Every structure is written in C-alpha cells, then in structure tokens.
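Presented below is the structure to which this report refers.
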Amino acid sequence: MSGFCHTDGRSVPNSEFFADIAALFREGWPVTLRTKGSSMFPFIYGGRDEVTLVSPVTVRKGDIVLARISGGTHVLHRVIAVSSGTLVLMGDGNVRQEERCRAEDVIGVVTVVVRDGRSVDCSSRTWRFFSAAWIMLLPVRRYLLWGLRRLYRINNRF
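Quick note on the UniProt record's numbering: the sequence shown kicks off at 1 and runs consecutively.
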C-alpha cells in the first residue's frame, strides 16, 4: 500500500487517505475498505474482498491489523507475535517476509471480512481457530500456498 489509494475513481495520496481513516476512528466510526494485493491470500482475496476495521483497543496475536511500518508504508497483515510492545506482522500469503511495528503504529484492527456478500466475523471461534492454525503451519505454508493458488486459478477460469 504505497503511493496513492484510489477511491471512487480518483487518486488520493496515502498520507491523506490514512490520516482520514484515523480521523474517522477517533470519531468512533468503523471503516470498510476493498483490499488489494495477494499478501493475505487465502484468508483475504485482494481486489474482491472487503474488510471492516475499527480503532485498535487491544491487539493480540492472530489479529489482522492495518499498520504503519518503517519507511511510512502501510500494510494489512496478521500479527504473528507480540513481544514487549513490538508486533511482528506477516501476510498470510507470505512465507518469509516479516514486518515489525510498535503497538501505537497500528491504525486499525479488522473485525469483519466480506467475501461474496457474506460477512465473516474475525472474532468468531472458527475464524480464530483457522487463524491460529495458519500461523502454526508457517513451516509448511509454502507448499500449502502453492496448492491453494493453483486451485484458486483453476476455479476462476470457469
């Protein structure tokens, strides 16, 4: 998420876009965004799924967060570890790349993923179970992603 964000056919600099989101959170509003990119596959499909974020109250392992990382870029990734105020983030579709940020760099926490018109509550037992399992499967994630991406491509041909 670098450069510009496109909203309703117009481009807005990321700095403005994320400042506006933070302002909405301060007023108590949730924010829904269409995702882009493949770093959160298979849990979130970029360009198709939407996420609803709220202001972060507490952030824990397994949460998906919108955070500002070094260099001023923003990512929507899962928290895979928390240690002394530092969060370790990784996209579900990544096998090695980790980002680190402080808890105060988290702009929002995903509460709902909307896929094909259906809302999935990220605090549900089922979602939390699969999130925890996905984190534990990191050593074999490369092979799982290979198979899942092939299935996704085959299913989207028809």
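In this text, a Cβ means the ideal position worked out from N, Cα and C, and glycines have one as well.
On a predicted model such as this, the values are computed, not experimentally measured, just so you know.
For Cys122 versus Val114, is the C-beta spacing smaller than 8 Å?
Taking 8 Å as the cut-off, the beta carbon of Cys122 is found no closer than this to the beta carbon of Val114.
Which partner residues of Glu16 appear in the DSSP bridge assignment?
According to DSSP, Glu16 bridges with nothing at all.
Per-residue DSSP class, three states only, for Ser2:
Bear in mind that a pLDDT of 43 at Ser2, under 50, signals an unreliable position, so the model cannot answer this.
Based on Cα-Cα distance, which residue from Val79, Ala67 and Phe41 lies nearest to Arg150?
Taking only the C-alpha atoms, the option nearest Arg150 is Phe41.
Roughly how many angstroms separate the alpha carbons of Ser2 and Glu99, rounded to a whole number?
Residue placement at Ser2 cannot be trusted, given a pLDDT of 43 that sits under 50; the coordinates are not used to answer.
May I ask you to check if the CB of Asp92 is nearer than 7 Å to at least one heavy atom of the ligand ATP?
In the structure shown, the ligand ATP is absent, as is every other ligand, since no ligand is present at all.
Figure out for me which residue from Val88, Val106, Ser38 and Ser83 has the closest Cα to the Cα of Phe18.
Val106
On the DSSP bridge assignment, give the partners of Leu53 in chain order.
Val31 and Val110
Could you check whether His77 and Gly91 sit closer than 8 Å to each other, using their CB atoms as the reference points?
Yes. Within cutoff.
Where do the N-terminal and C-terminal ends of the alpha helix (DSSP H) with Arg150 fall, by residue?
Arg141 to Asn155
Here's the rule I'm using: 16 or more other beta-carbon atoms within 10 Å means buried, otherwise exposed. How should Ser131 be labelled?
buried
Tell me, to the nearest whole angstrom, how far the beta carbon of Ser55 is from that of Gly46; I am working on the premise that it is less than 8 Å.
The pair is not a contact, with the Cβ atoms about 24 Å apart (cut-off 8 Å).
Report the CB separation of Phe51 from Leu33 in whole angstroms; it is logged as a contact under 8 Å.
The residue you asked about is not Phe; residue 51 is Val in the sequence shown. Yes, Val51 and Leu33 are in contact; Cβ-Cβ is about 6 Å, under 8 Å.
For Leu89 and Ala67, which I take to be in contact (beta-carbon distance under 8 Å), what is that distance rounded to the nearest angstrom?
6 Å
DSSP-derived helix/strand/coil call for Met136:
helix
How big is the Cα-Cα spacing for Glu27 and Gly147?
43 Å
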